Amino acid sequence: MVSYEKQVIALYQGELYGERLFNALSILERDAEVAAMWSLVAEVEAKTAKRLRPLAGQIEPDLDRHISLSEARVETQLKDFEGQSWRDICEYYHNRILANIARLRTIESEGPAEDKVLLGQVVAHSQVFFDC
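In case it helps, our numbering puts the sequence shown at residues 53 to 184.
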């Protein structure tokens, strides 16, 4: 079983990755409406990463390395998404998000009481993305 601390760091990494990926998709998108949607998703990811940073920083004080790791991961993912539509990319994430929500709920239930509100916000963030 993965420790609570490692799971929190993974959550933080995921939000950094999401922010960078969706920003990149918004820049590459030719349809202005779709680009705006990607930008909005990136903004939500950025806000969630910002909320998680203090908690992740208590676990691992040097979080900057996760930025470069997420950027490398985005480069790989963008190659996989090349030529795919908004719908295709959303479908790709749909099943992954559902599994992620279950994992987030487990992390939330296992975490200390003082982290429950923050982790609940992360669950809600993922649920909103899934519901879209």
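Think of the CB as a built atom: it goes at the ideal place given N, C-alpha and C, for glycine as much as any other residue. Bear in mind that the values here come from a model prediction, so they are computed numbers and not experimental data.
Secondary structure note for V60: its alpha helix (DSSP H) is the uninterrupted segment Y56 to L80.
By the Cβ-count criterion, R72 is buried, with 16 or more other Cβ atoms from all chains shown falling within 10 Å of its own Cβ.
A straight line joining the alpha-carbon of L115 with that of Q129 spans about 22 Å. Excluding sequence positions up to five before and after R157, its CB lies within less than 7 Å of the CB of V175, all in the same chain and listed in chain order. Taking a cut-off of 8 Å on C-beta distances, the stretch 142-154 does not touch the stretch 78-96, as fewer than three cross pairs fall below it. If you draw a straight line from the Cα of Q59 to the Cα of I159, it comes to about 7 Å. E143: member of the alpha helix (DSSP H) spanning W138 to E162, first to last residue. The three-state secondary structure of P113, taken from DSSP, is coil. In the structure shown, G172 falls within a helical segment according to DSSP collapsed to helix, strand and coil. The beta carbon of A108 sits closer than 7 Å to the beta carbons of V60, I61, Y64 and L115 from its chain, once the five residues preceding and following it are set aside; these are given in chain order. Each of L77, S161 and R105 was checked against the Cα of C142, and the nearest Cα belongs to L77.
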